[in-house]
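Undergrad: Numbering follows numbering that gives the first Met the number 0, in which position 252 of the sequence shown is assigned residue number 251; successive positions increment by one, without gaps.
Beta carbons are placed, not taken as given, at the ideal position from N, Cα and C, and that holds for glycine.
For clarity, every value in this text was computed on a predicted model and none was experimentally measured.
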Amino acid sequence: MTSEASGSRFARWKKPLTVAFFLLLIVLFTLLARRIDWSEVFETLGNFKVRTLIIAGGLTACSFVVYACFDLIGRTYIRQPLRWKQILPVGIISYAFNLNLSAWVGGIAMRYRLYSRLGVSTGNIAKILGLSLATNWFGYMALAGVVFSSGLVTMPPGWKVSSGALQGIGVLLVLASLGYLAACQFSKKRAWSIRGIEINLPSLRMACLQLALGALNWSLMAAVIFTLLPAKLDYPLVLGVLLISAIAGVITHIPAGLGVLEAVFIALLQHEASRGSLLAGLIAYRAIYFILPLLIALVMYVGVEAKAKALRVKKTPA
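1. Exposed or buried, which one is Ser120 when buried takes at least 16 other CB atoms within 10 Å?
2. Would you say Leu58 and Thr134 are within 7 Å of each other, going by their C-beta atoms?
3. Label Phe225 either buried or exposed according to how many other C-beta atoms from any shown protein chain fall within 10 Å of its C-beta, with 16 as the threshold for buried.
4. Ala190 by DSSP, collapsed to three states: which one?
5. Compute the Euclidean distance between the alpha carbons of Leu117 and Tyr111, then round it to the nearest angstrom.
6. If Gly178 sits next to Ala143, beta carbons under 8 Å apart, how far is it from one beta carbon to the other, in whole angstroms?
7. Just list the alpha helix (DSSP H) runs in the stretch 98-173, keeping only unbroken ones of 4 residues or longer that don't cross its boundaries, in chain order.
8. Would you identify the three-state DSSP class for Asn216, choosing helix, strand or coil?
9. Please work out which residues of its chain come closer than 7 Å, Cβ to Cβ, to Ala182, disregarding the five sequence neighbours upstream and downstream, and give them in chain order.
10. Compute the distance between the beta-carbons of Glu271 and Leu242, then report whether it is under 7 Å.
11. Applying the criterion that 16 or more other CB atoms from any shown protein chain within 10 Å of the CB defines a buried residue, is Gly275 buried or exposed?
12. Nearest CA to the CA of Gly45: which residue from Phe69, Ile290, Ala279 and Gly302?
13. In whole angstroms, what separates the C-alpha of Phe96 from that of Arg189?
14. Roughly how far, in whole angstroms, is the beta-carbon of Ser131 from the beta-carbon of Ile124, given that I think they are within contact range, below 8 Å?
15. If you follow the alpha helix (DSSP H) that Ala67 is part of, which residue opens it and which one closes it?
16. Could you say which of Ser192, Leu277 and Pro235 lies nearest to Leu219 if we only look at CA atoms?
17. So, under 8 Å CB-CB, Val237 and Ala221 are touching, yes? Tell me the CB distance rounded to an integer number of Å.
18. Output yes or no for whether 7 Å exceeds the beta carbon distance between Met154 and Leu165.
19. Based on Cα-Cα distance, which residue from Trp103, Ile127, Ser93 and Cys61 lies nearest to Ile72?
20. Grab me the residues of Ala67's own chain with a C-beta within less than 6 Å of its C-beta, minus the 5 sequence neighbours each way, in chain order.
21. As a quick exercise: from Ser202, Ser176, Leu81 and Leu174, pick the residue whose alpha carbon is nearest that of Ser186.
22. Using the DSSP secondary-structure output, state which residues sit across from Asn199 in a beta bridge.
23. By the 10 Å Cβ neighbour count, where 16 or more other Cβ atoms means buried, how is Trp83 classified, buried or exposed?
Here is the structure:
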């Protein structure tokens, strides 16, 4: 069988499998929703302490700054003299739109618009985007590999992915991360051309920084959720469940992973804490990590556009 034939077969099955997985999650979430004590959900939401919300907000701010630093690595990667004051707002705005409106809107379209205003070429914007994606997902693989292979997360009985299989996946993720570092250090071929855009392997030092920042961002996301969930839950367990939910979110392609995150957390942690308290914490997480940053990013974006318009008017001859 040729690679073209196997590729076309995968393309034929990809959409129906994704739809089936999406429908399965809807059924799962509907069944869970019927078994949730909604009065407990609203009571828990009303009982959050201001101190808890401030801590969660502070961790969210740290996470957004860390993600924006992915683009600072990109500045070094493309060797273009951009100031950090120019880059961080772009990273923060893009991340907020990415989380809520999909990678096409936030990760790609928003970056192209904002970076083009800073005089960055299309090729270099693509490089920044590619490096940011690599930083996020290689950081994920490194962290998830360690967490899964260590056995910190126990899968419920009856799930198609057993705890042993999850540990095996973890080992593969660790090997993939190490393979990336090895390629950055030892590969003799350092550049490839993809659709006219030259992609260069970063140095080992830059690759290590990528993995560290990517893993740190996922850890901060888990810390926000951990702060808002019942106190009896352990942080490593919350981190592991978040990393599992990320896989489900990627498969379904639902913007913000809406419903997917909640379904996975409740399914995996309902024996550790009440469903109502779990859902209340996740609703608060949605508000603090998704909605509030999006509102702030909208204000920032309007400010950036207004500033760019003022500069165009100023440069236009009378």
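TA: Let's see:
1. The residue in question, Ser120, is exposed, as its Cβ has fewer than 16 Cβ neighbours within 10 Å.
2. Taking the C-beta atoms as reference points, Thr134 is found no nearer than 7 Å to Leu58.
3. Classification of Phe225: buried, given that the 10 Å Cβ count is 16 or more.
4. Note: Ala190 maps to strand in three-state DSSP.
5. Distance between the alpha carbons of Leu117 and Tyr111: 10 Å.
6. 15 Å between Cβ atoms; not a contact.
7. The alpha helix (DSSP H) runs lying completely inside the stretch 98-173 and spanning 4 residues or more are 110-116 and 121-148, given in chain order.
8. The three-state secondary structure of Asn216, taken from DSSP, is helix.
9. Once the five neighbours on either side are set aside, the close Cβ partners of Ala182 are Leu200.
10. Leu242 is positioned such that its CB atom lies no closer than 7 Å to that of Glu271.
11. Label assigned to Gly275: buried.
12. With distances taken between CA atoms, Gly45 lies nearest to Ala279 out of Phe69, Ile290, Ala279 and Gly302.
13. If you take the alpha carbons of Phe96 and Arg189, they lie about 32 Å apart.
14. Their Cβ separation, rounded to whole angstroms, is 11 Å, which puts Ser131 and Ile124 out of contact at 8 Å.
15. Per DSSP, the unbroken alpha helix (DSSP H) holding Ala67 starts and ends at Val49 to Ile77.
16. The alpha carbon of Leu219 has as its nearest neighbour, out of Ser192, Leu277 and Pro235, the alpha carbon of Pro235.
17. Their Cβ separation, rounded to whole angstroms, is 5 Å, which keeps Val237 and Ala221 in contact under 8 Å.
18. Result yes, Cβ atoms of Met154 and Leu165 sit closer than 7 Å.
19. Among Trp103, Ile127, Ser93 and Cys61, the Cα nearest to that of Ile72 is on Ile127.
20. The residues are Leu87, Gly90 and Ile91.
21. Minimum Cα distance to Ser186 is reached at Ser202.
22. According to DSSP, Asn199 bridges with Ala190.
23. Looking at its Cβ environment, which holds fewer than 16 other Cβ atoms inside 10 Å, Trp83 is exposed.
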